[in-house]
Amino acid sequence: MKIRETHLINKNPQKKASMKQRVNISLLILFVIVVLVFTGVNWYLQRKAAETDMIYNSGELFWQVEQVIKQNAGELDTVTEDIRNTCILNAGAVAYLLEYAPDFIEDRAELQKIARLLEIDEIHIFNTDGVIYAGTEPQYYGYSVDSGEQIGFFAPMLSDRKLSLCQEIVPNTAEGKPMQYAAVWMEDGSNIVQIGISPERVLEQTRRNELSYIFSMFTNNNADILMAIEETGGVVLASTAKQFEGKASSKLGISPEWNTAGEKGYHLSIGDMRYYGVFQRTGGTVLGHLYTEEYLYRNVKEGSLRLIFYLILLLGAVTLFISWYIDRNIIVSINGIIQKLKEIADGNFNEQVDISATPEFAELSQYINGMVTGILESGQQISAILDATNLPIGTYQYGGNTKRVLYTGRLPEIMGMSEREAAEVFADSRAFERRMDALKRNHVQGQRDVYCMEGRHPRYLKIETHPKQGGVFGILLDITETVEEKLYLERELGQDELTGLPNRRAFYLQMEELFSEPSGLENAAVLMIDSDDLKKINDNYGHEYGDRYLCTIAKTLEETTAPNRVIARLSGDEFAVFFYGAADRETLDGYIRELKANRDFGERLSEEVQIELRFSVGVAVYGEDGCSYKMLLKCADSRMYEEKRRRKNRAV
35 MKIRETHLIN
45 KNPQKKASMK
55 QRVNISLLIL
65 FVIVVLVFTG
75 VNWYLQRKAA
85 ETDMIYNSGE
95 LFWQVEQVIK
105 QNAGELDTVT
115 EDIRNTCILN
125 AGAVAYLLEY
135 APDFIEDRAE
145 LQKIARLLEI
155 DEIHIFNTDG
165 VIYAGTEPQY
175 YGYSVDSGEQ
185 IGFFAPMLSD
195 RKLSLCQEIV
205 PNTAEGKPMQ
215 YAAVWMEDGS
225 NIVQIGISPE
235 RVLEQTRRNE
245 LSYIFSMFTN
255 NNADILMAIE
265 ETGGVVLAST
275 AKQFEGKASS
285 KLGISPEWNT
295 AGEKGYHLSI
305 GDMRYYGVFQ
315 RTGGTVLGHL
325 YTEEYLYRNV
335 KEGSLRLIFY
345 LILLLGAVTL
355 FISWYIDRNI
365 IVSINGIIQK
375 LKEIADGNFN
385 EQVDISATPE
395 FAELSQYING
405 MVTGILESGQ
415 QISAILDATN
425 LPIGTYQYGG
435 NTKRVLYTGR
445 LPEIMGMSER
455 EAAEVFADSR
465 AFERRMDALK
475 RNHVQGQRDV
485 YCMEGRHPRY
495 LKIETHPKQG
505 GVFGILLDIT
515 ETVEEKLYLE
525 RELGQDELTG
535 LPNRRAFYLQ
545 MEELFSEPSG
555 LENAAVLMID
565 SDDLKKINDN
575 YGHEYGDRYL
585 CTIAKTLEET
595 TAPNRVIARL
605 SGDEFAVFFY
615 GAADRETLDG
625 YIRELKANRD
635 FGERLSEEVQ
645 IELRFSVGVA
655 VYGEDGCSYK
665 MLLKCADSRM
675 YEEKRRRKNR
685 AV
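Here it is in structure tokens:
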């Protein structure tokens, strides 16, 4: 029979929800772990990638800075040489003009015109003694080659009229402003003509060659810092962050031991700011490139958030798919198998499992059906074996959804049923239960699970029932011969088979004999004793321990030191004790106290079971409560039940 999946889902919502909940929780935990692991790995890799990129870019940057420095140095030399030549040519041109127009030497206005035409700033005329006496700048008149270091540069021309000199850019003597001067002799040897040019081109090229200017070409934000550190002194020579210039690198947290090959980066703190830096030695200078960590890792947070978003989308879709797949192909199939197994466990062995959502479930269904078939065949084989042995034993089973009682072949015979009666009783488990209840009303006293089936020839049946989930399994054994033999022995021998004490018949015979001569009784009392816990022991530990408990009570009663006594087991857990021949009432009461003192003590029935020995006692004193043993037994029995009620209430 094919199982409808929707039916199973509605019938077992709790099981399905419980399993789905566990699966979803597991997937959620896995989801969180995956997100955390991937995010952590991605965060680490992005940081390493940012650091690696910076190291590479810093190496490229250092190379570019070196190239610019080299290029600027070459251009500076060229410009300097060009300006030197230009200065000497301009000085020669002025000397040439003045030689053909000597009147202009004393004419300051004409000299200024010549300076403007030649784009020079100053013209000075030295006499043969090296003293300035004319020119465009009157404030310099009277200065000589002996007036200072700057002007003294031209002193050698006084002794060698073939010299033409051009001075480096230096502050002039009068004002201290940077100027470049050149001087030549006039061809007639009458004067030295000196011209001065403000070397803006040279100064601009020099400025461009400075590190601070070069660094500014490669950075455009405050988070990207370039610096140059003096290798020997460790002083910051130049930096795009002006606050670092002139400071010792060690004060900035830059270690001189750091790799200066530009192949490794370092984390450092300058004030409250965290940086990542790369350093490389260039000549006698160490170039440093710093990024603030916030700027360096600016894309890490965004990348991590983007990855988390994509992972949530991906893993959410995967989780939904897995949940849907498990629900459709696993949970429904499991519920189907559970439902079928429940019906089989309830006794419906005709049910077949047919779940084929996956090859594994189809194979499982096949094995379950094979197992059920094997169980049925095993049961039939056991029944056949029992019938073949001709033993008076039968078994039955019923419960769950199965109304019919399953039984072995000899059970109707053991229960004294005809074929027609058996067909009616075993067809309805309720009718069978009523039949069993009627049978169990005739319990055999002193016999565990033994019942008497009345009739012309009474039969004794031992019935053992074993509840199982939703039903009952039972065994019936005809022990008529055994019970009858036991009863015969008890009648003949007068001895209780379990405890070894006299039985009821033997006790009454001894009491008849003792009470036939009352004079020998003197101080006497009858004690009726009944166990308090036998039923609880039977229910909790089984009848085997109940038998041990009764034997322990019998042994305890026999330990009483009274010399004249009769101790017997009348039935089940009921005992009788008769003390007689005591010298006085006090001695008799001592025997009674001794017997009572031996109860309510712990007793070990086995290595696993230790219980408290508990029994109730009723006492009837000869002469006070009656003079016949039957009257005394009745009185003691009544008092025993009164004490049992009191002890029970006290225990509660």
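For what it's worth, the numbering used here labels the leading residue of the sequence shown as 35, then goes sequentially. Just so it is clear, CB atoms sit at the ideal spot from N, CA and C, and this is done for glycine as well.
Does residue i come out as helix, strand or coil in the three-state DSSP assignment?
i    : result
Q644 : strand
S550 : coil
E397 : helix
P172 : helix
Q386 : coil
G93  : helix
L79  : helix
F613 : strand
Y329 : helix
M213 : strand
C669 : helix
K36  : Because the pLDDT of K36 is 34, which lies under 50, any placement of that residue in the model is unreliable, and the question is left without a value.
L324 : strand
V312 : strand
T319 : strand
F466 : helix
I365 : helix
P190 : helix
S687 : Because the chain in this structure spans residues 35 to 686, residue 687 falls outside the shown range and cannot be described.
Between the alpha carbons of residue i and residue j, how many angstroms are there, rounded?
i    : j    : result
K196 : G223 : 10 Å
D567 : G404 : 47 Å
L62  : L95  : 48 Å
L532 : G580 : 11 Å
T487 : A670 : The amino acid at residue 487 is misidentified as Thr; the sequence shows Met. When rounded, the distance between both Cα atoms is 33 Å.
G370 : R482 : 43 Å
D87  : N124 : 54 Å
D573 : L667 : 30 Å
E209 : I122 : 23 Å
Q431 : V478 : 24 Å
E498 : L510 : 7 Å
F160 : I259 : 52 Å
Y134 : I154 : 20 Å
E676 : Y485 : 30 Å
I166 : Y174 : 7 Å
Y344 : L302 : 34 Å
I360 : N476 : 57 Å
E291 : E265 : 11 Å
E183 : E328 : 54 Å
E551 : H491 : 41 Å
E458 : D471 : 17 Å
R118 : E156 : 15 Å
V653 : R673 : 7 Å
State buried or exposed for residue i, treating a residue as buried only when at least 16 other CB atoms are found within 10 Å of its CB.
i    : result
H323 : buried
L339 : exposed
R680 : exposed
I536 : Before going further, note that residue 536 is Pro rather than Ile in the sequence given. The residue is buried, with at least 16 neighbouring Cβ atoms inside 10 Å.
Q214 : buried
M307 : exposed
C200 : buried
L543 : exposed
W219 : buried
L158 : According to the sequence provided, residue 158 is His. The question's Leu does not apply to it. By the 10 Å Cβ count, H158 comes out buried.
I571 : buried
A617 : exposed
M35  : Annotation note: pLDDT 34 at M35 (below 50); position unreliable, no value reported.
S553 : exposed
N225 : buried
Q277 : exposed
E171 : buried
For my contact list, residue i and residue j are in at a C-beta cut-off of 8 Å; report their separation, rounded to the angstrom.
i    : j    : result
R599 : F613 : 5 Å
G299 : Y310 : 5 Å
V113 : L152 : Wrong, their Cβ atoms sit about 19 Å apart, outside the cutoff.
I139 : A168 : 5 Å
F635 : I563 : Not a contact, Cβ separation roughly 15 Å.
Exercise for the section: Jot down the residue ranges of each uninterrupted beta strand (DSSP E) in the region 470-517, minimum 3 residues, whole runs only, in chain order. Expected result: Restricted to the region 470-517, the beta strand (DSSP E) segments that are unbroken, complete and at least 3 residues in length are 484-487, 493-502 and 505-512, listed in chain order.
Practice task
Please specify which runs of the beta strand (DSSP E), each continuous and at least 3 residues long, are wholly inside the region 252-306, giving them in chain order.
Solution key: You should have 258-264, 270-273 and 295-304.
Problem - Complete runs of the beta strand (DSSP E) confined to the region 535-607 [at least 3 residues] - result: You should have 557-565 and 599-605.
Handout entry: Secondary structure, beta strand (DSSP E): runs of 3+ residues fully inside the region 425-462
Key = For secondary structure counted as the beta strand (DSSP E) over 3 or more consecutive residues, the region 425-462 holds these complete runs in sequence order: 427-433 and 436-441.
Handout entry: Sequence ranges, alpha helix (DSSP H) only - wholly within the region 130-173, length at least 4
Key = Qualifying alpha helix (DSSP H) stretches, in chain order: 142-152.
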